[in-house]
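First the structure, in the form of structure tokens, and then the observations on it.
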Amino acid sequence: AQSVAQPEDQVNVAEGNPLTVKCTYSVSGNPYLFWYVQYPNRGLQFLLKYITGDNLVKGSYGFEAEFNKSQTSFHLKKPSALVSDSALYFCAVRDILYNFNKFYFGSGTKLNVKP
Amino acid sequence: EAGVTQSPTHLIKTRGQQATLRCSPISGHTSVYWYQQALGLGLQFLLWYDEGEERNRGNFPPRFSGRQFPNYSSELNVNALELEDSALYLCASSHTTSGYNEQFFGPGTRLTVL
Numbered sequence: 203a204q205s206v207a208q209p210e211d212q213v214n215v216a217e218g219n220p221l222t223v224k225c226t227y228s229v230s231g232n233p234y235l236f237w238y239v240q241y242p243n244r245g246l247q248f249l250l251k252y253i254t255g256d257n258l259v260k261g262s263y264g265f266e267a268e269f270n271k272s273q274t275s276f277h278l279k280k281p282s283a284l285v286s287d288s289a290l291y292f293c294a295v296r297d298i299l300y301n302f303n304k305f306y307f308g309s310g311t312k313l314n315v316k317p
Numbered sequence: 208e209a210g211v212t213q214s215p216t217h218l219i220k221t222r223g224q225q226a227t228l229r230c231s232p233i234s235g236h237t238s239v240y241w242y243q244q245a246l247g248l249g250l251q252f253l254l255w256y257d258e259g260e261e262r263n264r265g266n267f268p269p270r271f272s273g274r275q276f277p278n279y280s281s282e283l284n285v286n287a288l289e290l291e292d293s294a295l296y297l298c299a300s301s302h303t304t305s306g307y308n309e310q311f312f313g314p315g316t317r318l319t320v321l
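Protein sequence lines, in the order shown, are assigned to chains A and B. Residues in the first sequence are numbered consecutively from 203, following this note's numbering. Residues in the second sequence are numbered consecutively from 208, following this note's numbering.
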């Protein structure tokens, strides 16, 4: 079965410190992977995606993510966190082999950046 | 470029009633997706429409239905509302059915069932 897991419900980090939000996936074939951010009472905003090529993907607002095929992970990272980064983050995988246009979203990780 | 729009922003219904939610995709996008985001849960895939046809649906009962109009806007209907249908309903659109295109989300409709 295709799925994506975000093992941490919440991540706390001090402003200026690096942050990591974890994501692991299970999918047949090569995965298409995405990260989205959701601010309170808002829809989801696209951050970045991995389709193919370099394992390190750079996205919006200084975020990046590293694709690791052997560990089936796609962790979201930022070198220096801002208070304004506090939000809910979702990892998603697209099932391109069996269910082409179905996105599977993780349960979300709440990021708290404290001043 | 205008983003995905949804209406209404909030909708309050009582159990057993019907709710209709609307979505307008980004201009040029032909695919529309519906998701349910219940409190404390992630996004659950509901429906996918493309070129006016229902292409896929998630694990929801038949009382969740919808359609896509010739201008690619979409409507989600929920019949015989139950208390557990209370959630944020998100609509998303994408440019083509190509797998590498990300989805763009609207702000959502908050449905409350009393």
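All C-beta atoms, glycine included, are put in the ideal place defined by N, C-alpha and C.
* To do: Excluding the 5 residues preceding and the 5 following Ser262 (chain A) in the sequence, name in chain order all residues of the same chain whose CB lies nearer than 6 Å to its CB.
  => Here the question's residue 262 (chain A) lines up with position 60 in the first sequence. Cβ neighbours of Ser262 (chain A) beyond the five flanking positions: Leu249.
* Contact with chain B by Phe265 (chain A), beta-carbon distance below 9 Å -> Reading the first sequence from its first residue, position 63 is the one you call residue 265 (chain A). Output row for Phe265 (chain A): interface = no.
* To do: Specify the secondary structure class of Glu309 (chain B) as computed by DSSP and reduced to three states.
  => Residue 309 (chain B) sits at position 102 when you count from the first residue of the second sequence. In the structure shown, Glu309 (chain B) sits in coil (DSSP, three-state: anything other than H, G, I, E or B).
* Cα-Cα separation, Asp292 (chain A) to Tyr242 (chain B) -> As a working note, residue 292 (chain A) is residue 90 in the first sequence. As a working note, residue 242 (chain B) is residue 35 in the second sequence. Per the sequence presented here, residue 292 (chain A) reads as Phe, with Asp not at that position. Here the alpha carbon of Phe292 (chain A) sits roughly 13 Å from the alpha carbon of Tyr242 (chain B).
* Using the beta-carbon count (16 or more within 10 Å), is Glu261 (chain B) buried or exposed? -> Counted from its first residue, the second sequence places residue 261 (chain B) at position 54. It counts as exposed.
* Asked: Got a sec: which bits of the stretch 253 to 269 of chain B sit with their beta carbon under 9 Å from any beta carbon on chain A, in order along the chain?
  -> Close to chain A, meaning a Cβ-Cβ distance shorter than 9 Å, are the following residues of the stretch 253 to 269 of chain B: Trp255, Asp257, Arg262, Asn263 and Gly265.
* Can you tell me where the beta strand (DSSP E) with Ile219 (chain B) in it begins and where it stops? -> Reading the second sequence from its first residue, position 12 is the one you call residue 219 (chain B). DSSP places Ile219 (chain B) in the uninterrupted beta strand (DSSP E) bounded by His217 to Lys220.
* Asked: Alpha carbon to alpha carbon, what distance is there between His277 (chain A) and Cys225 (chain A)?
  -> One-based indexing of the first sequence puts residue 225 (chain A) at position 23. One-based indexing of the first sequence puts residue 277 (chain A) at position 75. For Cys225 (chain A) and His277 (chain A), the distance between alpha carbons rounds to 5 Å.
* Asked: What does Glu176 (chain B) reach in chain A if we use C-beta pairs closer than 9 Å?
  -> Examination of residue 176 (chain B) is not possible in this model, given that chain B is present from 208 through 321 alone.
* Per-residue DSSP class, three states only, for Ser286 (chain A) -> Numbered from its first residue, the first sequence carries residue 286 (chain A) at position 84. In the structure shown, Ser286 (chain A) sits in a helix (DSSP, three-state: H, G or I).
* **Spatial distance of Ser301 (chain B) from Val239 (chain B) (CA atoms)** => Working through the second sequence from its first residue, we reach residue 301 (chain B) at position 94. Working through the second sequence from its first residue, we reach residue 239 (chain B) at position 32. Straight-line Cα distance between these residues: approximately 7 Å.
* To do: Round the Cβ separation of Gln310 (chain B) and Phe265 (chain A) to the nearest angstrom and send it over; I've been treating them as touching at under 8 Å.
  => Taking the second sequence and counting its residues from 1, the one referred to as residue 310 (chain B) is at position 103. Taking the first sequence and counting its residues from 1, the one referred to as residue 265 (chain A) is at position 63. At roughly 18 Å, the Cβ-Cβ gap does not stay under 8 Å, so Gln310 (chain B) and Phe265 (chain A) are not in contact.
* To do: Identify, in the order they occur along the chain, each residue of the same chain with its Cβ nearer than 6 Å to the Cβ of Ala216 (chain A), setting aside the five sequence neighbours on each side.
  => Taking the first sequence and counting its residues from 1, one reaches residue 216 (chain A) at position 14. Scanning its chain for C-beta atoms nearer than 6 Å, with the 5 sequence neighbours on each side dropped, one finds around Ala216 (chain A) the residues Lys316, in chain order.
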